[in-house]
Amino acid sequence: MTAPLPVVCSGIQYPVIDLVTIPGLPELLPEYKPRDHSKWISDVFGRRFPSARVMSFRYDFANSRDPSDWSDIINQGWHLLYALVHRRVEEVESQRPIIFVCHSFGGLIVKKALLLAKNEGPAFRKIYESVKGILFLGCPHNERRSEFKECCLRGASVELKTNSEKHPVIESMRSSRRWNIVSEISEKFCEIAPIFPIRSFCENKSTVFRRSSWRPAKSGNLCPEHLCSFGSDNEKVISVDMDHLELSTAFPNRADSFFLVLVEELADLINANCPPKSAAGGSAARPEELDSWCVVDQIGNQTDTTITSPKDELDLSSFPKTPCHVLRPHQPNRGFVGRSDILKNLEEALILNPSINCQRQYAICGLGGMGKTQTALAFAFSERAVNHFKAILLVHATSRASMVKTFSTFAVDLGLIDQVGAGQDAAKELAAHWFSRAVVPWLVIFDNVDSNESRDLLGEFWPQGSWGSVLITSRNKALVSQFGGVELKGLDKSSAVELLLTQTRHAPGDPAENRKAAETIVENIGCLPIAINAAASNIINQVCDLTEFADIQDNTALIAETENIKFFQRSEDPIYEHTLNTVWNSSFQRLTPEESDFMNLLAFMDPDRIPERLLCNGASGSNEPNLAFISTQKKFTNCRAGILRQSLVSHNQLLQEIWIHRMVQASVHSRMTPEKRQEAFDNAVLLLKHTFPVPERHSRHNPKYWPDQERLFTHAQSLCHYYVESRSPDSIFKTQLKGSLDFAELVYNAAWYLYERGIFEPAYPMLDVAEQYCCENKPAGWEAALGDIKGGRASIQTESNQFQEAYANFKEQLQLNEIAFTKGQRTKPSAYEVIALGGVANGLQGLNRYAEAEIYYRKCIDASVGVPGNNALYIVHFGTCLLNQGKLFEAEEAINRVLTGSDLSTPNRRAGTALFALGNIQIGQANELTSRNAARALIDAKWDQAFETHTRAFNIYRAVLGKSHHKVADAYHKMGWHFRQRHNYAAALEHLNIALGIYEKSYLHKNERARAKYAIGCLLQDMGEIKKGQEEIREADLLRRQLLGDKYYPAASEKDFDEIVMFWTR
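Under the UniProt record's numbering, the first residue of the sequence shown is numbered 1, with each subsequent residue one higher.
Now the structure itself:
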């Protein structure tokens, strides 16, 4: 019999520690699959401990003709020793620390091996001296206990899946001579056990060890603590909530609590014996590259040649800044009443039961104004939740931008990073990663998951991990059936009365009469919490008692009990059907004309988080007569105070934000005449036009504008939505809203912001609206505006590999710009001309028409003379165009011209793009040297230069664009390509899989997905996984066939897949 010790995984060429796993008796079963064990080891240990070489000992008795002999299993210790010596021939290997991970009776093999190594020759003695830790999983040790033998026999029968103890191994174990071997090994090892750091895992659940059809099953704890412990000072005994079969065959998934404990204990042993730096990573191909690609992840600026490791790991031994409860902008609501049944349900559903280790989910759904958010907050602020959850995060789920912002600021509050900066997506990924790895209870609340967009985004932002709970609030009651939960109705009458009386406790009048009147009032307004709040505000502001208010309602018909009002709704929202319009009559009637204009304007904004500082500054700097009612800080403050007094909006003074309930917005729309509605729409357009920051055309890519653009984008999107809805046949508007050139330009600028952030899908419909307005109305100056819109559409099409469409739109942009120049709308020299010419060049290069593209690039560069700004990107693309024509010297000269004039001390996108292109040129030079049979050292030096250049580009992209941008995926793909060339297959596969994961987030990147899958397939075949590689290549070819349609031809190499992506992606 042979006892191989295959290397399951080794993330680096020069590991710093050996991890050796020894399976238990299930190895003897015919159905045992070493590949499953190896796959789990590779996935868990290989990724978590990339600096380790992981080996798995195998003893193949299952195929033996002779009955399995227990003593032969124990003697596998000899085979283990010989295999280790064989694997540790080199001097540096023989001194490498060893940690053993033993499953059940596999521990006997290790004990035997170490007892032999202690007393044998120098080679074996080195094995003994190198052992720095042993993890025993369900291994009995204490042979002095009377039940030791019986528990071993029963454990063996469980592991071998017999209903009795009639198995050759067990029968062999029963004989006194054979049993003495087991007992002797355990006794002798106890003498040397204190030398080694030991982690002994014992079970605390009973295991069924005997079953039959005619008598009760027998069960018991087969490996309790007193049997699993050596009793030495260097030992740590850990009880886990598992039975013997679960523990002895433990392949826990990442969601299991035992998995986290196992990894933490192993990490402690590794960190105790290896320097943290060496334990974190190692070389890609040579010792001098030890720190060249796997270092601690950073979000901040990275300007050197180190490449951040994609396998980021959080230190789970200490949790940063917990408890961390982030519920901005809300505070505990002392006036919250009722919903006790809902709060009890929330506790039962979301407070984790230690015996059930899985993620909890709950949805609170219902009509707007029912108090969904307040109920969720009441639970989050409750003593039980605060004491239980170590982290609580309220996510404003109205848009991707707000969700990214919430997650990224949470990363700061949690202490994962110091500040967000421009890398919001990277910070968001860190927060999401923390949730997936945290082993403390956490709660995430997705608030206002109302639109189709926000529901679709749940998949991207849903936190992983079994220690957490997720609570959703939404107007879509379908989520209750999906996640479990409750549809929130109006308050019960008693709670509604209590809420009204609590909020009007200082109102005059007889308490008994007020209670009776309160019952009438809450009945009239349907016990709706938001309506009760409004009624209470009216009572207090009017300084009347509840009886008087009830009489006013009756006399003035403020409540329309028999007529529901259908308010304006967005197409994806449920219809509002309610009677709130009447309860707000007095509130609206008390507004001044200026305050009414302000409310009308806010009705067109996105209701969440309206930034008052930006709006106030925009109005005061606009000099627009129509915005005179808020043109100064004093006027703005007065209008805000007026609507706050009537409880029509909420105000967060700390964040300087206004919040308006969607139902209030709906009520405002129902009250406006067509003339007033158009006036309010125009005012909102003017306000955002002067508020939305737009960089100069010659410096369109400027991340410093992103924070303010992000805060205002949803409001521009809201205007666009109302404009479109007014044209719907089902619209409640009697007349269509009229746009303007300002409106079209605002919508275009908002869409361009999305393009800059790499968010393409929602940009298309916005560009459609802007283009439709210009083409249908053709106001003065429309040619220039339409040219910009065409260029924006073409830019997105280049990023999504729509080559022909991009070229056509760039051509139209150039033609429209020429008309604008002719009509005097714009003058030359102009950045608009430079951009249009460069766009046509990019379009031609995307179509592989390189010679024509070169002509337009030269025109573009000539046109940039005398134009302020930086034309570096077009020079970079010009260099790539030269490269694609084989003009390597000219290409390098062009790129170096850009890099020479760039400030590389601060990461910026232009520098990253230039370095990416330069690395490709250096690859071309290396290939040319190879074709000329140049010296090997010269060729290797050029390959190393290209690797270093692309590493710098990779770091810059990640620092500037975050982890989820498609250009970062391009860089991951390129680094994976390099690692494959360097035969570092583990790193190559890691990077390519990350690239594929980013591409898969958008349907527009199907081309890149096909290319990445093809690269992964080729890599897998290089690694010997021929069949798996073929499957990936087939999937890639199927995608390519779908993309090319009638133009499809069989791919012969990666060049054919390069052809289906944009030139700057390759």
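Cβ coordinates follow ideal geometry from the N, Cα and C atoms, glycine included.
Q) Whose CA, out of T162, P197, L471, lies closest to the CA of V131? A) Numbered from 1 along the sequence shown, position 131 holds the residue referred to as residue 131. The shortest C-alpha separation from V131 is found at P197.
Q.
Alpha carbons only, please: which of R53, H991, T162, A193 is nearest the one belonging to T108?
A. Residue mapping note: residue 108 aligns to position 108 of the sequence shown, counting from 1. First, the amino acid is wrong: residue 108 is Leu here, not Thr. When each option's Cα is compared against that of L108, the closest is A193.
Q) The beta strand (DSSP E) spanning L327 covers which residue range? A) The sequence position of residue 327 within the sequence shown is 327, counting from 1. From DSSP, L327 is part of no beta strand (DSSP E); its letter is neither H nor E.
Q: Answer yes if the segment 421 to 435 comes into contact with the segment 362 to 381, meaning at least three C-beta pairs across the two stretches below 8 Å, and no otherwise.
A: no
**Q.** Classification of D1046 by the beta-carbon crowding that lies within 10 angstroms, buried from 16 upward
**A.** Residue numbering aside, residue 1046 sits at position 1046 when the sequence shown is read from its first letter. Exposed, since its Cβ has fewer than 16 Cβ neighbours within 10 Å.
Q: Please report the residue range of the beta strand (DSSP E) in which D447 lies.
A: One-based indexing of the sequence shown puts residue 447 at position 447. D447 -> beta strand (DSSP E) spans 442 to 447.
**Q.** Proximity below 9 Å, CB of E523 to CB of K493
**A.** Taking the sequence shown and counting its residues from 1, the one referred to as residue 523 is at position 523. Taking the sequence shown and counting its residues from 1, the one referred to as residue 493 is at position 493. Yes, the pair counts as a contact, with Cβ atoms nearer than the cut-off.
Q: Starting from the C-beta of K823, find all residues in its chain whose C-beta is less than 8 Å away, skip the five residues before and the five after it, and write them out in chain order.
A: If you number the sequence shown from 1, residue 823 lands on position 823. Excluding residues within five positions, the ones whose Cβ falls inside 8 Å are E783.
Q) When the Cα atoms are used, what is the spatial distance from R645 to M766? A) In the sequence shown, residue 645 corresponds to position 645, counting from 1. In the sequence shown, residue 766 corresponds to position 766, counting from 1. If you take the alpha carbons of R645 and M766, they lie about 36 Å apart.
Q. Is it true that the CB of S248 sits closer than 9 Å to the CB of F105?
A. Reading the sequence shown from its first residue, position 105 is the one you call residue 105. Reading the sequence shown from its first residue, position 248 is the one you call residue 248. A contact, by the Cβ cut-off of 9 Å.
Q) Do you know whose CA, among Q885, A891, L929, L873, lies nearest R910's CA? A) Looking up residue 910 in the sequence shown gives position 910. It is L873 whose Cα lies nearest to the Cα of R910.
Q.
Run through the DSSP bridge pairs and tell me what I364 is partnered with.
A. Locating residue 364 in the sequence shown gives position 364, counting from the first residue. T473, V486.
**Q.** A391 to V439 span [Cα, whole Å]
**A.** In the sequence shown, counting from the first residue as 1, residue 391 sits at position 391. In the sequence shown, counting from the first residue as 1, residue 439 sits at position 439. The alpha-carbon atoms of A391 and V439 are separated by roughly 11 Å.
Q) Which term fits I1026, buried or exposed, when burial requires 16 or more other beta carbons within 10 angstroms of its beta carbon? A) Translated into positions along the sequence shown, residue 1026 becomes position 1026. Classification for I1026: exposed.
Q. Taking Cβ to Cβ, would you say V449 is nearer than 9 Å to L458?
A. What you label residue 449 is simply residue 449 of the sequence shown in a count that begins at 1. What you label residue 458 is simply residue 458 of the sequence shown in a count that begins at 1. Against a cut-off of 9 Å, the Cβ pair of L458 and V449 comes out as a contact.
(Q) Between the alpha carbons of N927 and A995, how many angstroms are there, rounded? (A) Residue 927 sits at position 927 when you count from the first residue of the sequence shown. Residue 995 sits at position 995 when you count from the first residue of the sequence shown. Spanning the two alpha carbons is a distance of roughly 25 Å.
Q: Have a look at the DSSP bridge pairing and note the partners of C102.
A: As a first step, residue 102 must be located in the sequence shown, where it is residue number 102. Answer is I22, F136.
Q) Is the distance from the Cβ of K680 to the Cβ of N600 below 9 Å? A) If you number the sequence shown from 1, residue 680 lands on position 680. If you number the sequence shown from 1, residue 600 lands on position 600. First, the residue type needs correcting, since residue 680 is Ala and not Lys in the sequence shown. Yes, the Cβ-Cβ distance between A680 and N600 is below 9 Å.
Q | C-alpha distance - F760 paired with I1060, whole-angstrom precision | A | Along the sequence shown, one-based indexing puts residue 760 at 760. Along the sequence shown, one-based indexing puts residue 1060 at 1060. Near 19 Å, if we compare the C-alpha coordinates of I1060 and F760.
Q: Return the CA-CA distance between R727 and Q736, expressed in angstroms with no decimal places.
A: Taking the first residue of the sequence shown as position 1, residue 727 is located at position 727. Taking the first residue of the sequence shown as position 1, residue 736 is located at position 736. Near 6 Å, if we compare the C-alpha coordinates of Q736 and R727.
Q.
Suppose you measure from the CA of E675 to the CA of Q772; what does that come to, to the nearest Å?
A. For this step, residue 675 is matched to residue 675 along the sequence shown. For this step, residue 772 is matched to residue 772 along the sequence shown. Each residue's alpha carbon lies about 23 Å from the other.
Q) Taking contact to mean at least 3 C-beta pairs separated by less than 8 Å, is the segment 1001 to 1011 in contact with the segment 966 to 973? A) yes
**Q.** CA-to-CA distance, M605 to I575, given in whole angstroms
**A.** The residue labelled residue 575 in the question sits at position 575 within the sequence shown. The residue labelled residue 605 in the question sits at position 605 within the sequence shown. With a pLDDT of only 35 at I575, under 50, the local geometry of the prediction cannot be trusted, and the value read off the model is given with reservation. The straight-line gap from Cα to Cα measures roughly 19 Å.
Q. Cβ atoms of L816 and G839: under 9 Å apart, would you say?
A. For the purposes of this step, residue 839 is taken as residue 839 along the sequence shown, with counting starting at 1. For the purposes of this step, residue 816 is taken as residue 816 along the sequence shown, with counting starting at 1. In this structure, L816 does not lie closer than 9 Å to G839 by Cβ.
(Q) By the three-class DSSP mapping on this structure, what secondary structure does E523 have? (A) Here residue 523 refers to the residue found at position 523 when the sequence shown is read from its first residue. Three-state result, E523: helix.
Q) With a CB to CB cut of under 8 Å and the five nearest residues on each side skipped, what residues in its chain are close to Y755? A) On the sequence shown, residue 755 is found 755 positions in, with the first residue counted as 1. For Y755, where only same-chain residues beyond five positions count, the Cβ hits under 8 Å are A763, G792, S795, I796, E799.
Q: Kindly identify the DSSP beta-bridge partner or partners of R199.
A: Indexing the sequence shown from 1 puts residue 199 at position 199. Answer is L135, K236, bridged to R199.
Q: Keeping to the same chain, check which residues put their C-beta closer than 7 Å to that of D1037; ignore five residues upstream and five downstream.
A: For the purposes of this step, residue 1037 is taken as the residue at position 1037 of the sequence shown. Within the same chain, D1037 has close Cβ partners A1051.
Q. Of all the options I445, T409, F446, which has the alpha carbon lying nearest to the alpha carbon of E429?
A. Within the sequence shown, the letter at position 429 stands for residue 429. Of the candidates I445, T409, F446, the one whose C-alpha sits nearest the C-alpha of E429 is T409.
Q) Who are the near neighbours of E812 in its chain, counting only those whose CB is closer than 6 Å to its CB and skipping five residues on each side? A) Walking along the sequence shown from the start, residue 812 turns up at place 812. If we look at E812 and ignore the five residues flanking it on each side, its Cβ neighbours are K790.
Q: Kindly indicate the opening and closing residues of the alpha helix (DSSP H) around residue 1068.
A: Outside the displayed range of the chain (1 to 1066) lies residue 1068, so it cannot be described from this structure.
Q) Quick one: is Q95 buried, meaning 16 or more other Cβ sit within 10 Å of its Cβ, or exposed? A) Numbered from 1 along the sequence shown, position 95 holds the residue referred to as residue 95. Q95 is exposed by the Cβ-count criterion.
Q | Cutoff 6 Å; reference F124; Cβ partners in own chain excluding five residues on either side | A | Residue 124 sits at position 124 when you count from the first residue of the sequence shown. Closer than 6 Å at the Cβ level, and outside the excluded window around F124, lie L81, A117.
Q) My guess is that V876 and V834 are in contact by the Cβ rule of under 8 Å, so how many angstroms apart are they, rounded? A) As a working note, residue 876 is residue 876 in the sequence shown. As a working note, residue 834 is residue 834 in the sequence shown. Actually they are not in contact, since the Cβ atoms of V876 and V834 sit about 14 Å apart, beyond 8 Å.
**Q.** Given W434 as reference, the closest of N452, G468, W659, S451 once Cα atoms are compared
**A.** Locating residue 434 in the sequence shown gives position 434, where the first residue counts as 1. For the residues N452, G468, W659, S451, the minimum Cα distance to W434 belongs to G468.
Q | In chain order, each beta strand (DSSP E) run of at least 3 residues that lies wholly inside the segment 363 to 407 | A | 391 to 396
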